[in-house]
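**Student:** Before we start, here is the structure in question, set down as structure tokens.
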Amino acid sequence: MAVDLNQTHFELFGLPVRFTVDAAALEARFHELQREVHPDRFAAAADTERRVSMQLATRVNEAYQTLKSPLRRAVYILQLRGVDPEFETNTAMPPEFLMEQMSWRERIEAGSEKPESLLRLQAGLRDESRKIYEALHAQLDQDRDDEAASQTTRVLMFYEKLAEEIDDKLAELET
Amino acid sequence: MALLQISEPGQSPEPHRHRFAVGIDLGTTNSLVAAVRNGISVVLNGHDGHALLPSIVRYLRDGRTLVGREAEAEQARDPRNTIVSVKRFMGRGLKDVTHAENSPYDFLDSPGMVQIRTVAGVKSPVEVSAEILKTLRTRAEESLLGNSGGELAGAVITVPAYFDDAQRQATKDAGKLAGLNVLRLLNEPTAAAIAYGLDNAAEGIYAVYDLGGGTFDISILKLSKGVFEVMATHGDAALGGDDFDHRLFCWAVEQAKLAPLSSEDTRLLLTKSRAAKEFLTANAEARISATLASGETVDVTVTQKEFQDMTRPLVAKTLGPSRKALRDARLDWSEVKGVVMVGGATRMPHVQQAVAELSGQTPLNNLDPDKVVALGAAIQANVLAGNKASGDDWLLLDVIPLSLGIETMGGLADRIIPRNSTIPVARAQEFTTYKDGQTAMSIHVVQGERELVSDCRSLARFELRGIPPMVAGAARIRVTFQVDADGLLSVSARESTTGVEAAIAVKPSYGLTDEQITQMLRDSFDHAKDDVHLRALKEQQVEGGRMLEATEAALREDADLLSAEESAVLRSELDSLRKTLSCTDHRTIKSGIERVNRASEAFAGRRMDRSIKRALAGRKVESL
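Here you go:
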């Protein structure tokens, strides 16, 4: 395939490798790129072009999803810097952090029948995550402390899980 | 081609020819075909002057098939051979069919999709749907091409957004069987959004609430500067106006204290119930009266309030998915600028009221709920066929409605592509062997949101063969799941340490294999007349012609991307392909097409690269 699939997501989007991303610019660029490569542009084209278009549109979607999500973006930046955050194996987290997680979990469980307490927990979780993302921003963009950033990213993964759990519980209540 | 078609230079790859493409709304109750004519999307009427073709197919003993109103007229007399609401059976097994007990059909529970025994033999829902599509195709050809003997460039067929892979595949198969070049499967609410959005120059977040004859969809879209981006979609692929008819039917049977009914009487009373339901939209009460074949008479009156009370649980079933879609889009109703109502069933006042209460705003009803989907599909078909006009520079970004996963240990589903991912989308997953020398492994793909595989829909079982024998855990088999712009899944696999392409045997749990489609083509009455080979030849000629045209247009634009040598190779392959077009063996043409394909691969890649660079032109990579 002649298309350069080795470009980084940032290169593809013409953006600097930075954790801070201008969401509006990212979206605008996403639309510009899809306007060029989307399969709808090639529905009447030859097979080869249709196939390449699908691959590229897939690639653009993947890059956009990665850059749009702060967590995925952080992981990606770390990977580009040659740091493997080892999410699969390195799960050792400080005991006090794990205790705190347990407490969150208990509160979610206790509130699982009451939408208003779930919504309260959700808001609390969001505030908490926002602070951690600010720290991550400093670690990645200013201090360039990849090790600290990896640790923070791992912490955020736990928070993401909690947010998902609250979402699922809220969804269940609606059924 | 009609001589009257005039288009501005630069509007299409070949300015002298307008390629007619149609949008088809293949509905549960009614189907429609629309096309863009003189820049305006219009619904095409049949000989009877009606735009709506009842989605009813009747098979006769003599091999003839009646479609639409003709079939409808006899449905109560010949219910077993008159198939209504076939959309509900697409890509479905017998156990998924609701109200099967009240269905007059002689179902045959075959692996994959349910089939129906008729006087004309066993029919698959794909074949029945193809009959409806063929009727619409003929209508379109007569209306658009007249006696020119030309062909439609293609069709966009709409599907409920919440249709799963099996239902989508079945729909596409039906299109192929009807002899249509299916340009795209388009989600119904998205089609409606295109028609609405372009018509009203809408900007902002909109919800499309689409309650049709047999399916319910809710889609949340963001419309901005010519981009239609679906943020989330949800629904119920087995909920629609039919269920309201059925509820009223059950009530009438109860009221009139009727003994179990024959198929004929069931069909008769269901039809009367539907008429009463429609009457109640604008009237306080409706009468259901009929004389049954058994001699019994039914004469009951139902008030609007009674009808609304008995069907309220059905309306309520649409509210959960609506909330979920909004939650998935991470939005609040206050951020939604309008709720566009689509589908005949949204005419019911209590549906309108429920949506108003849920969303806190008056639903938008300024489009014909029966036609808007076909109109939107026609607009997209026109663009896809290459008739780009100014103002058509919009972009559509749709999503996959249900998560795709694979079965892991203990019957659990491991999600690989989450729902509401923008398509096309792909994910690769790595697998390894667990035994020394293992050369095969099987993978089970499912679709759905539940944790247990048994609660999800089984899509396909894949057998990977030809894995090079290695010690356990050494092989790295990378399986790629690709969902294309139609929302359809395909799977490929490669062993990464040796680069061996593992053979994949696909056994779709639902849907049809290519052989089955070929067989159906052979069996179908229409094609029995013309030779299967002739048909294959024609197909390849069309494909080859399309290939020549597209590649030559590309060469005119971007010839500088090729070295003299590359260009000569490609041009010579094009010449050989042109020569094969007049030959009588479809395989020769096919191999010519393949050679051009290979010779133009690098070219296509570079062209796409140039497109991207153009998109980024004037921008600088600011760092690294």
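First to last, the sequence lines map onto chains Y and V. Under the numbering used here, think of the first position of the first sequence as 3, with each following residue one higher. Under the numbering used here, think of the first position of the second sequence as 236, with each following residue one higher. For each residue, glycine too, the CB sits at the ideal point set by N, CA and C.
What does the Cβ neighbour count give for residue 350 (chain V), buried or exposed, with the cut at 16 atoms within 10 Å?
**Tutor:** With 16 or more other Cβ atoms within 10 Å, it is buried.
**Student:** In angstroms, rounded to a whole number, what distance separates the CA positions of residue 545 (chain V) and residue 481 (chain V)?
**Tutor:** For residue 545 (chain V) and residue 481 (chain V), the distance between alpha carbons rounds to 11 Å.
**Student:** Could you tell me the distance, in whole angstroms, from the CA atom of residue 442 (chain V) to the CA atom of residue 614 (chain V)?
**Tutor:** Those two C-alpha atoms are separated by around 20 Å.
**Student:** Return the chain-ordered list of same chain residues with a C-beta closer than 8 Å to the C-beta of residue 19 (chain Y), the five sequence neighbours on each side being excluded.
**Tutor:** Excluding sequence neighbours, residue 19 (chain Y) sits near 10, 12, 79, 82.
**Student:** So what does DSSP say about residue 70 (chain Y), is it helix, strand or coil?
**Tutor:** DSSP places residue 70 (chain Y) in helix when its eight states are reduced to three.
**Student:** With 16 as the cutoff for other CB atoms within 10 Å, does residue 100 (chain Y) come out buried or exposed?
**Tutor:** So residue 100 (chain Y) ends up on the exposed side.
**Student:** Could you check where the alpha helix (DSSP H) with residue 161 (chain Y) kicks off and where it finishes?
**Tutor:** Start and end: 148-176.
**Student:** Quick check on residue 557 (chain V): does DSSP put it in helix, strand or coil?
**Tutor:** Correct three-state label for residue 557 (chain V): helix.
**Student:** Can you tell me the Cα-Cα spacing of residue 708 (chain V) and residue 714 (chain V), whole angstroms?
**Tutor:** Distance between the alpha carbons of residue 708 (chain V) and residue 714 (chain V): 16 Å.
**Student:** Count the other CB atoms, across all protein chains shown, that sit within 10 Å of the CB of residue 282 (chain V); report buried if there are 16 or more and exposed otherwise.
**Tutor:** Exposed, by the Cβ-count rule.
**Student:** Check whether the Cβ atoms of residue 729 (chain V) and residue 712 (chain V) lie closer than 9 Å to each other.
**Tutor:** Yes, the Cβ-Cβ distance between residue 729 (chain V) and residue 712 (chain V) is below 9 Å.
**Student:** Within 9 Å (strictly less), CB to CB, does residue 719 (chain V) reach chain Y?
**Tutor:** Yes, its Cβ sits closer than 9 Å to a Cβ of chain Y.
**Student:** Can you list, in chain order, the residues of its chain with a C-beta nearer than 7 Å to that of residue 142 (chain Y)? Leave out the 5 residues immediately preceding and following it.
**Tutor:** 21, 76, 79, 151.
**Student:** Taking the alpha-carbon of residue 356 (chain V) as reference, which of V:300, V:826, V:727, V:700 has the nearest alpha-carbon?
**Tutor:** The shortest C-alpha separation from residue 356 (chain V) is found at V:300.
**Student:** Give the straight-line distance between the Cα atoms of residue 617 (chain V) and residue 406 (chain V), rounded to the nearest whole angstrom.
**Tutor:** Rounded to the nearest angstrom, the two C-alpha atoms are 20 Å apart.
**Student:** Please specify which runs of the alpha helix (DSSP H), each continuous and at least 4 residues long, are wholly inside the stretch 24-68 of chain Y, giving them in chain order.
**Tutor:** Within the stretch 24-68 of chain Y, the complete alpha helix (DSSP H) runs of at least 4 residues are 25-39.
**Student:** Indicate whether at least one CB of chain A lies closer than 9 Å to the CB of residue 63 (chain Y).
**Tutor:** The question asks about chain A, but that chain is absent: this structure's protein chains are Y and V.
**Student:** Which chain Y residues are close to residue 631 (chain V), counting only those with a beta carbon under 7 Å from its beta carbon?
**Tutor:** In chain order: 42.
**Student:** Tell me, please, whether the CB atom of residue 628 (chain V) is closer than 9 Å to any CB atom in chain Y?
**Tutor:** Interface residue, yes.
**Student:** Near residue 459 (chain V), which residues of its chain fall below 7 Å by C-beta distance, leaving aside the five closest residues on each side in sequence?
**Tutor:** Excluding residues within five positions, the ones whose Cβ falls inside 7 Å are 438.
**Student:** Count the other CB atoms, across all protein chains shown, that sit within 10 Å of the CB of residue 132 (chain Y); report buried if there are 16 or more and exposed otherwise.
**Tutor:** Flag for residue 132 (chain Y) reads exposed.
**Student:** Once the 5 residues before and after residue 534 (chain V) are set aside, which same chain residues still bring their CB inside 6 Å of it?
**Tutor:** Correct list, in chain order: 524.
**Student:** In angstroms with no decimal places, state the Cα-to-Cα distance between residue 846 (chain V) and residue 721 (chain V).
**Tutor:** Spanning the two alpha carbons is a distance of roughly 23 Å.
**Student:** Got a sec, what are the start and stop residues for the alpha helix (DSSP H) residue 203 (chain V) sits in?
**Tutor:** In the structure as shown, chain V begins at 236 and stops at 859. Residue 203 (chain V) is therefore absent and cannot be evaluated.
**Student:** Run through chain Y and tell me which residues come within less than 8 Å of residue 832 (chain V), C-beta to C-beta.
**Tutor:** Under the 8 Å cutoff, chain Y gives 48, 49, 50.
**Student:** With 16 as the cutoff for other CB atoms within 10 Å, does residue 733 (chain V) come out buried or exposed?
**Tutor:** Residue 733 (chain V) should be labelled exposed.
**Student:** Go to residue 253 (chain V), then tell me how far its beta strand (DSSP E) extends in each direction, as first and last residue.
**Tutor:** Looking at the DSSP string, residue 253 (chain V) is not in any beta strand (DSSP E), and its letter there is neither H nor E.
**Student:** Between the Cα of residue 634 (chain V) and the Cα atoms of V:465, V:412, V:315, which residue gives the shortest distance?
**Tutor:** Here the closest residue by C-alpha is V:465.
**Student:** DSSP three-state label for residue 720 (chain V), please.
**Tutor:** Coil, per DSSP.
**Student:** Would you mind sorting residue 551 (chain V) into buried or exposed? The rule is 16 or more other CB atoms within 10 Å of its CB.
**Tutor:** Its Cβ having fewer than 16 others within 10 Å, residue 551 (chain V) is exposed.
**Student:** Using the rule of at least 16 other Cβ atoms within 10 Å of the residue's Cβ for burial, across every protein chain shown, is residue 338 (chain V) buried or exposed?
**Tutor:** It is buried - the Cβ of residue 338 (chain V) has at least 16 other Cβ atoms within 10 Å.
**Student:** Tell me, to the nearest whole angstrom, how far the beta carbon of residue 388 (chain V) is from that of residue 416 (chain V); I am working on the premise that it is less than 8 Å.
**Tutor:** Sure, about 7 Å apart at Cβ, within 8 Å.
**Student:** Would you give the residue range spanned by the beta strand (DSSP E) that residue 436 (chain V) belongs to?
**Tutor:** Counting along the chain, residue 436 (chain V) falls outside any beta strand (DSSP E), and DSSP gives it neither H nor E.
**Student:** For residue 562 (chain V) versus residue 176 (chain Y), is the C-beta distance shorter than 9 Å?
**Tutor:** Contact flag set, yes.
**Student:** Under 9 Å, Cβ to Cβ, is there at least one residue of chain Y near residue 660 (chain V)?
**Tutor:** With 9 Å as the cut-off, residue 660 (chain V) counts as an interface residue toward chain Y.
**Student:** With a threshold of 8 Å (Cβ to nearest heavy atom), would residue 145 (chain Y) be considered close to the ligand SAH?
**Tutor:** Among the components of this structure there are no ligands whatsoever, and the ligand SAH is therefore not found.
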